[in-house]
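K.L.:
One line per chain: the protein sequences are A and B, in this order.
Throughout, this note's numbering is defined as the position within the first sequence, counted from one, plus 1028.
Throughout, this note's numbering is defined as the position within the second sequence, counted from one, plus 95.
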Amino acid sequence: MAEPAISVKNLSYWYGDLQAVKNISFEVFPGEILGFLGPNGAGKSTTIKVLTGLLAPGSGSAQILGRDIGRDDPALQAQIGVCFEEKNLYLEMSALENLNFYASLFGIRKPSSMELLLRVGLADRAGERVRNFSKGMRQRLMIARAFINKPAVLFLDEPTDGLDPVTAAAIRRTIREEADRGAAILLTTHNMMEADELSDRVAFINEGKIVALDSAENLKLKYGRRAVRVRLRRSDGGVREEHIPLDGERASERLAELAASPDLLTIHTEEATLESIFIQLTGRGLEG
Amino acid sequence: MKRSLPGRSGKIIGAIMLKDLRLYGRNKIYVVLTVLTLACFGALFWLIPGTVEETITLAISPPLQTIINEGKEALRELGASAEMLQELEQTEFAEEGLELVGLESAAQLRRAVEGTLEVYRPKGGGDLILRDKAAGEKKPKDAQRVQLDIGIAFPDSFIAGVAGREKTTVTVYANADVPEEIRQAMQSFVREIAYQLAGRELPVELPAEETIILGPDRSGAQASMRDKMRPLLAFFALVLETYAMASLISTELLQRTVTALLVTPMKMWHFLAAKTLFGTGLALLQGLTILVLVGAFTPANWLLLLTIMLLGSLLFTGVAMLIGAAGKDFLDQLIYALLFSVPLMIPAFAVLFPGTAAAWVRVIPSYPIAELLANTTIYGSSWRDSLGLLGYALLWGAVLYAMSLLVLKRKVESL
Chain A
1029 MAEPAISVKN
1039 LSYWYGDLQA
1049 VKNISFEVFP
1059 GEILGFLGPN
1069 GAGKSTTIKV
1079 LTGLLAPGSG
1089 SAQILGRDIG
1099 RDDPALQAQI
1109 GVCFEEKNLY
1119 LEMSALENLN
1129 FYASLFGIRK
1139 PSSMELLLRV
1149 GLADRAGERV
1159 RNFSKGMRQR
1169 LMIARAFINK
1179 PAVLFLDEPT
1189 DGLDPVTAAA
1199 IRRTIREEAD
1209 RGAAILLTTH
1219 NMMEADELSD
1229 RVAFINEGKI
1239 VALDSAENLK
1249 LKYGRRAVRV
1259 RLRRSDGGVR
1269 EEHIPLDGER
1279 ASERLAELAA
1289 SPDLLTIHTE
1299 EATLESIFIQ
1309 LTGRGLEG
Chain B
96 MKRSLPGRSG
106 KIIGAIMLKD
116 LRLYGRNKIY
126 VVLTVLTLAC
136 FGALFWLIPG
146 TVEETITLAI
156 SPPLQTIINE
166 GKEALRELGA
176 SAEMLQELEQ
186 TEFAEEGLEL
196 VGLESAAQLR
206 RAVEGTLEVY
216 RPKGGGDLIL
226 RDKAAGEKKP
236 KDAQRVQLDI
246 GIAFPDSFIA
256 GVAGREKTTV
266 TVYANADVPE
276 EIRQAMQSFV
286 REIAYQLAGR
296 ELPVELPAEE
306 TIILGPDRSG
316 AQASMRDKMR
326 PLLAFFALVL
336 ETYAMASLIS
346 TELLQRTVTA
356 LLVTPMKMWH
366 FLAAKTLFGT
376 GLALLQGLTI
386 LVLVGAFTPA
396 NWLLLLTIML
406 LGSLLFTGVA
416 MLIGAAGKDF
426 LDQLIYALLF
436 SVPLMIPAFA
446 VLFPGTAAAW
456 VRVIPSYPIA
466 ELLANTTIYG
476 SSWRDSLGLL
486 GYALLWGAVL
496 YAMSLLVLKR
506 KVESL
């Protein structure tokens, strides 16, 4: 198995007396997307700030590409890309100038800025000042900026927050392409659909602690209920539903009976959603 | 992966400075402010009078010759000797720096000082021309107005009265704008004339007078208001540039673009160095441009002036970084800018009047810069004269800059 690109062990961080991150441990491998799923204030962004060197860890350790995290390691920072939740772009510079400027900080002589703008659908607005961009356009430029140095590790903090479905889908495709290229991606989101669609594994984070970490499939299997919902026609012409837990006694017999019934209309499997699992584990929703 | 090399650091700092220059150039307020400052300061300088009027013009009535002629008659009647009369004839009443303008009557003199009666001197010479504005008289051609702000009206029988030891009243008319010191000087002047005319020495033994001029005697070559504006304009250019620099820094902090920079190979010191170099360079360039426009550089002072401006630019960049780090929004920044810049401007005014700067003014960080600029551009101070103040300026610059680095670093880290 490949070495993890991100390796975090018992990491904690305090804002004064408030412990924002509590003893978390996880790994992200090259080509993998780890979704950090949790409500606002759960500690997702703080974790990213610690891992990117913006905050010094309170306790525990973390390594990226085998090197200890920290701000004063330009060689390490040359290998990471970050997309912040806030749109911290230079508004009086064009999209192309923003990208070229960041490329120059990485020492890239011939940046692939136009190629990136093409990927995020901003090539035709390359020369326009960012001040005139919509929220979605700025977010796409943020993504392009995070990719400018072809990073081995990507930290994406709420990359599709507040975007329209079309733009969000386009950004998700781009993120998946980066993972396919081999980048290890830590993606924070409170969007259950996004985490489910994009993430190879999902970590539920609540009040600074990771409460569950596994693939979405395994989490659903572990915490969801295996059941089917059967719809049947009633004698009076109406419709009735029957809920059959698959792990229950006589489940297969009852299913066979219903399958043979002339009144059978439909059979649906009932799968737990990530949100329902999160609520089950934490007692709160993701939008909180 | 290779670690950062010095050349790499240079490129990072250069890239940030280039970006700042681009943002500076795209901010209409900065650009307009810079162009206006240069244009207005340059124009203002050349519009201000470049010469100093060192002669006080004093109106006198009746004209001096009339007073003397009448006095001679009266003294002759009183039995004065021919020698005494000759002495009176030869007495020099006008002193160096004092021009007497004779008017026929006290009423004329009063109106001339009031300004309702204008006095003109023909350019080709000749008798004075009086113009009664109230009567609608036209301004005379080829004549220059004589500004009379103070005058002395002697009674007709002044010399006879004084010589005869009678109580005589002399009236001094002064425009409200005339300072108290000048009025008192005129009263002393009247007393002196009276003693001269009375043919008596003062009833006291006067001490011997000796005036020692410290530094070059500038009598006849006083610094004009234009000369005095030179250091002031350069100083104000530095202050104005502080606003632009502070704004650039606070925008970087408020929009949190600096956070995005810190996750790249750029280190904190790259950021601070870039801001320092850009701010200092910008202030220095603008300050030097002003000094060139006002013709402050000479072959003897250019290096000293450059050094002073460099120290000043560093000091004001430190101030800009403090302001930029302190403000949470535009209003905050404006308040801090005023809070810092107003006290820093005080020394610029104080040094215009040598010897008047109060002790507390000398403690203001910008004092040595203002004093050095004034001494160098107005009074031609040399390196040797300036060493003490240069050291003081360097000390203040270093303290303020170190403080600003610390504050800005902490601010960036807290984002």
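Note that beta-carbon positions come from the ideal geometry of N, C-alpha and C, so glycine has one too.
Give a yes or no on contact between the segment 1137-1151 of chain A and the segment 363-376 of chain B, applying the rule of three or more CB pairs nearer than 8 Å.
P.N.:
no
K.L.:
Find the residues of chain A that neighbour residue 356 (chain B), judging by a C-beta separation of less than 8 Å, and give them in chain order.
P.N.:
1133
K.L.:
Just how far apart, CA to CA, sit residue 462 (chain B) and residue 164 (chain B)?
P.N.:
58 Å
K.L.:
Residues of chain B with CB closer than 7 Å to the CB of residue 1067 (chain A), please, in chain order.
P.N.:
Per Cβ cutoff of 7 Å: no residues; residue 1067 (chain A) is ~23 Å from chain B at best.
K.L.:
Any idea which residues DSSP pairs residue 201 (chain B) with across the strands?
P.N.:
DSSP, once it has assigned bridges, lists no residue as partnering residue 201 (chain B).
K.L.:
Taking 8 Å as the threshold, find out whether the segment 1156-1165 of chain A comes into contact with the segment 1113-1131 of chain A through three or more Cβ pairs.
P.N.:
yes
K.L.:
Which residue from B:482, B:208, B:193 and B:233 puts its Cα closest to that of residue 246 (chain B)?
P.N.:
B:208
K.L.:
Residue 1202 (chain A) and residue 1164 (chain A): beta carbons closer than 8 Å?
P.N.:
no
K.L.:
Does the contact criterion of 3 or more C-beta pairs under 8 Å hold for the segment 390-401 of chain B versus the segment 343-363 of chain B?
P.N.:
no
K.L.:
Would you list, in chain order, the members of the segment 117-138 of chain B that have their beta-carbon closer than 9 Å to a beta-carbon of chain A?
P.N.:
Cβ contacts with chain A: 117, 118, 121 and 122.
K.L.:
Nearest CA to the CA of residue 1036 (chain A): which residue from A:1067, A:1086, A:1069 and A:1259?
P.N.:
Ranked by how close their Cα comes to the Cα of residue 1036 (chain A), the residues A:1067, A:1086, A:1069 and A:1259 have A:1086 in first place.
K.L.:
What did DSSP end up calling residue 213 (chain B) once you bin it into helix, strand or coil?
P.N.:
strand
K.L.:
Can you tell me which of A:1257, A:1135 and A:1189 puts its alpha carbon nearest to the alpha carbon of residue 1177 (chain A)?
P.N.:
A:1135
K.L.:
Among the residues of its own chain, which have a CB less than 6 Å from the CB of residue 465 (chain B), if the five just before and after it don't count?
P.N.:
Closer than 6 Å at the Cβ level, and outside the excluded window around residue 465 (chain B), lie 330, 442, 443 and 446.
K.L.:
Using 10 angstroms around the beta-carbon of residue 425 (chain B), count the other beta-carbons present and answer buried if the total reaches 16, otherwise exposed.
P.N.:
The residue is exposed, with fewer than 16 neighbouring Cβ atoms inside 10 Å.
K.L.:
Between the C-alpha atoms of residue 1287 (chain A) and residue 1030 (chain A), what's the straight-line distance to the nearest angstrom?
P.N.:
Their backbone Cα atoms lie some 47 Å apart in a straight line.
K.L.:
Would you report the Cα separation of residue 1108 (chain A) and residue 1150 (chain A), rounded to the nearest angstrom?
P.N.:
23 Å
K.L.:
Ordered along the chain, which non-local residues of its own chain (more than five positions away) have a Cβ less than 8 Å from that of residue 241 (chain B)?
P.N.:
152, 196, 214, 215, 216 and 223
K.L.:
Please report the Cβ distance between residue 379 (chain B) and residue 404 (chain B), rounded to the nearest whole angstrom; I am assuming they are in contact, meaning their Cβ atoms lie under 8 Å.
P.N.:
A Cβ-Cβ distance of about 6 Å is found for the pair residue 379 (chain B) and residue 404 (chain B), placing them in contact under the 8 Å criterion.
K.L.:
Counting only Cβ pairs nearer than 7 Å, list the residues of chain B close to residue 991 (chain A).
P.N.:
The question about residue 991 (chain A) has no answer here: the residues shown for chain A are numbered 1029 through 1316.
K.L.:
What residues are listed by DSSP as bridge partners for residue 226 (chain B)?
P.N.:
B:213
K.L.:
Classify residue 206 (chain B): buried if its beta carbon has 16 or more other beta carbons within 10 angstroms, exposed otherwise.
P.N.:
buried
K.L.:
Out of curiosity, what's the CA-to-CA distance linking residue 507 (chain B) and residue 328 (chain B)?
P.N.:
34 Å
K.L.:
For chain A, find out if any of its Cβ atoms is closer than 8 Å to the Cβ of residue 369 (chain B); answer yes or no.
P.N.:
no
K.L.:
Less than 8 Å separating the beta-carbons of residue 111 (chain B) and residue 369 (chain B)?
P.N.:
yes
K.L.:
Could you have a look at residue 257 (chain B) and say whether DSSP puts it in helix, strand or coil?
P.N.:
helix
K.L.:
Per DSSP, what kind of secondary structure is residue 1312 (chain A) in: helix, strand or coil?
P.N.:
Looking at residue 1312 (chain A) - three-state DSSP - the assignment turns out to be coil, as it is neither helix nor strand.
K.L.:
Look at the alpha carbon of residue 105 (chain B) and the alpha carbon of residue 128 (chain B), and state the distance between them as a whole number of angstroms.
P.N.:
30 Å
K.L.:
Is there a Cβ from chain A that is less than 8 Å from the Cβ of residue 110 (chain B)?
P.N.:
Yes, because at least one Cβ of chain A sits closer than 8 Å to the Cβ of residue 110 (chain B).
K.L.:
Does DSSP put residue 999 (chain A) in a helix, a strand or coil?
P.N.:
Outside the shown range of chain A (1029 to 1316) lies residue 999 (chain A), about which nothing can therefore be said.
K.L.:
Find out if the Cβ-Cβ distance for the pair residue 1331 (chain A), residue 1075 (chain A) is shorter than 8 Å.
P.N.:
Given a span of 1029 to 1316 for chain A in the structure shown, any question on residue 1331 (chain A) remains unanswerable.
K.L.:
Taking the alpha carbon of residue 340 (chain B) as the reference point, which residue from B:383, B:120 and B:479 has its own alpha carbon closest?
P.N.:
Checked all of B:383, B:120 and B:479; the closest Cα to residue 340 (chain B) is B:120.
K.L.:
In the DSSP assignment, find the alpha helix (DSSP H) that holds residue 1110 (chain A) and state where it starts and stops.
P.N.:
Per DSSP, residue 1110 (chain A) belongs to no alpha helix (DSSP H); it is in the beta strand (DSSP E), 1108-1111.
K.L.:
When you compare the CB positions of residue 1113 (chain A) and residue 1185 (chain A), do they come within less than 8 Å of one another, or not?
P.N.:
If you check the CB distance, residue 1113 (chain A) and residue 1185 (chain A) come in under 8 Å.
K.L.:
For residue 1271 (chain A), does the count of other Cβ atoms within 10 angstroms reach 16, so buried, or fall short, so exposed?
P.N.:
exposed
K.L.:
Going straight from the alpha carbon of residue 1111 (chain A) to that of residue 398 (chain B), what length do you get?
P.N.:
49 Å
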